[in-house]
Amino acid sequence: MDKNAVYQAVDNGYSSIASEAYKGSNSSQTSKSDNIAASFGYSAEDLATLPAGTNLGLSCGNPLATANLQSSETMLDLGSGGGLDCLIAANQMLKADPAPEGKIYGVDRSTEMMSLARRNAAKANIPDGLVEFVEAPISQIPLADASIDLIVSNCVVNLVPDEDKPSVFNEIYRLLKPGGRVAISDLLALKPMPDEVRKDAALLIGCVAGASLVDEYRSWMVQAGFEESGVAFVNTNKDLNVYHSQVAEISCCASKRPCGAADRRGDVDELDFNAWVAAYQIYAVKGTH
Numbered sequence: 001m002d003k004n005a006v007y008q009a010v011d012n013g014y015s016s017i018a019s020e021a022y023k024g025s026n027s028s029q030t031s032k033s034d035n036i037a038a039s040f041g042y043s044a045e046d047l048a049t050l051p052a053g054t055n056l057g058l059s060c061g062n063p064l065a066t067a068n069l070q071s072s073e074t075m076l077d078l079g080s081g082g083g084l085d086c087l088i089a090a091n092q093m094l095k096a097d098p099a100p101e102g103k104i105y106g107v108d109r110s111t112e113m114m115s116l117a118r119r120n121a122a123k124a125n126i127p128d129g130l131v132e133f134v135e136a137p138i139s140q141i142p143l144a145d146a147s148i149d150l151i152v153s154n155c156v157v158n159l160v161p162d163e164d165k166p167s168v169f170n171e172i173y174r175l176l177k178p179g180g181r182v183a184i185s186d187l188l189a190l191k192p193m194p195d196e197v198r199k200d201a202a203l204l205i206g207c208v209a210g211a212s213l214v215d216e217y218r219s220w221m222v223q224a225g226f227e228e229s230g231v232a233f234v235n236t237n238k239d240l241n242v243y244h245s246q247v248a249e250i251s252c253c254a255s256k257r258p259c260g261a262a263d264r265r266g267d268v269d270e271l272d273f274n275a276w277v278a279a280y281q282i283y284a285v286k287g288t289h
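Here the sequence shown is numbered in our numbering, starting from 1 and rising by one per residue.
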C-alpha cells in the first residue's frame, strides 16, 4: 500500500471503531477488550475505573507499567485512542496527589477518537485541565519543544507508513525535555513480511502488517538523536494470537459490513501472528546535553 492508502485505511478503521464505541459497547466486545488488556499487563483494578468505551482492546502492552510517572510531570500519549492510558495515568497522578501539578496530553489524528476520549474523560470525572486531547498526526504535534517529561504510546507507531516513521521519532526527541524518557509498547516484526501480509488492510489496522524490524526501529531512534546505548528493546513474549477475534472485528468495522462468520477470511484466521511479530517494550532516555 502507498502512504495515502495506509492513512486512509487506518483512519477509516479506527474512526469506525470509535463511532461504534461511542454508541455503546456490547458485553461481548467489552469482555474481549478486557481480556486483551489483561493479557498485556493491565490490572483489573485499573480497568474497573474506566468508563465503558475507553478500553477498546487495541493494546499490545502496558507502557505505564514501568514508566514511573510522577504527579508533577507532563506526559504525552501518542495515538491516545479512547483515552485508556491517559485516564489511567490521570488516576495514578490523583492517587499520589489530589491536586497534581502535572499534565497529560493525548494526541490522535482521528476526530471520532478525540470525541470519544473527551467524553470518556468527562465520564471519569477527571479534573479540568489535567488531561487535554489534541487532534493531530503523531508526526506533527502542536506542542512546544522540550516540554514533555514522559512520552508513551501503545501499539500505534506501527500504524504509521514507513516513510513517516522517522518523523515520529524526530517529534518524540524534539518534544522531550533533556533527561525525558520514552516508554512505548509496539509490535515489531521478527522477519521481513511477504507482500500479501503487508498489503492486507485488516492486518494493517490490526497492528501486524505495519510492524517494523527491531533494527529499523532502533536506527530511526538513533537518527532522531537518541544514544544507541540509551535505547532498549524488550520482547515480552506475549501470545499475539489473542488478536484474531479483534482483527476480524476491525475488518468488519473498516468495511462497514455486518460482522459474522462469513466475513472472516480464512487466510487471516489461520495466520500465526507469533511467527511474524512480537510485542515489545521500547525504552529510551534523551540525553541531558
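Ideal Cβ placement from N, Cα and C applies to all residues, glycine included.
{"Check": "Leaving out five residues on either side along the sequence, give the residues of the same chain with a beta carbon under 7 angstroms from the beta carbon of A96.", "Outcome": "S71"}
{"Check": "Under three-state DSSP, which class holds N235?", "Outcome": "strand"}
{"Check": "Answer yes or no: do G210 and N274 have a C-beta to C-beta separation smaller than 8 angstroms?", "Outcome": "no"}
{"Check": "Grab me the residues of P178's own chain with a C-beta within less than 8 angstroms of its C-beta, minus the 5 sequence neighbours each way, in chain order.", "Outcome": "A146, K286, G287, T288, H289"}
{"Check": "Compare the C-beta of V208 against all C-beta atoms of chain D and say whether one is closer than 8 angstroms.", "Outcome": "Absent from the structure is chain D; it holds one protein chain and no more."}
{"Check": "Measuring only the C-alpha atoms, how far is A122 from G61?", "Outcome": "25 angstroms"}
{"Check": "Is it right to say T74 is buried, meaning 16 or more other beta carbons lie within 10 angstroms of its own, or is it exposed?", "Outcome": "buried"}
{"Check": "To the nearest angstrom, how far is the alpha carbon of K238 from that of G82?", "Outcome": "23 angstroms"}
{"Check": "Smallest Cα separation from A183: which of R218, I151, S15, F133?", "Outcome": "I151"}
{"Check": "How is D11 classed by DSSP in three states: helix, strand or coil?", "Outcome": "helix"}
{"Check": "Could you check the C-alpha separation between S39 and Y173 for me, to the nearest Å?", "Outcome": "30 angstroms"}
{"Check": "At the level of alpha carbons, what is the spacing between A91 and A201?", "Outcome": "Per the sequence presented here, residue 91 reads as Asn, with Ala not at that position. The alpha-carbon atoms of N91 and A201 are separated by roughly 35 angstroms."}
{"Check": "Among E196, E135, G79, A136, which has the Cα closest to the Cα of D186?", "Outcome": "G79"}
{"Check": "Can you tell which of G206, I141, V222, D34 has its C-alpha closest to the C-alpha of A9?", "Outcome": "G206"}
{"Check": "State the CB to CB distance for the pair A144 and V277, rounded to an integer number of angstroms; the pair is presumed to be in contact (CB under 8 angstroms).", "Outcome": "That belief does not hold up - the Cβ atoms of A144 and V277 are roughly 35 angstroms apart, past 8 angstroms."}
{"Check": "Ordered along the chain, which non-local residues of its own chain (more than five positions away) have a Cβ less than 6 angstroms from that of P161?", "Outcome": "K3, V6"}
{"Check": "Measure the alpha-carbon distance for G13 versus Q223 and round it to whole angstroms.", "Outcome": "31 angstroms"}
{"Check": "Flag this pair as yes or no: are the beta carbons of V134 and P127 separated by less than 8 angstroms?", "Outcome": "no"}
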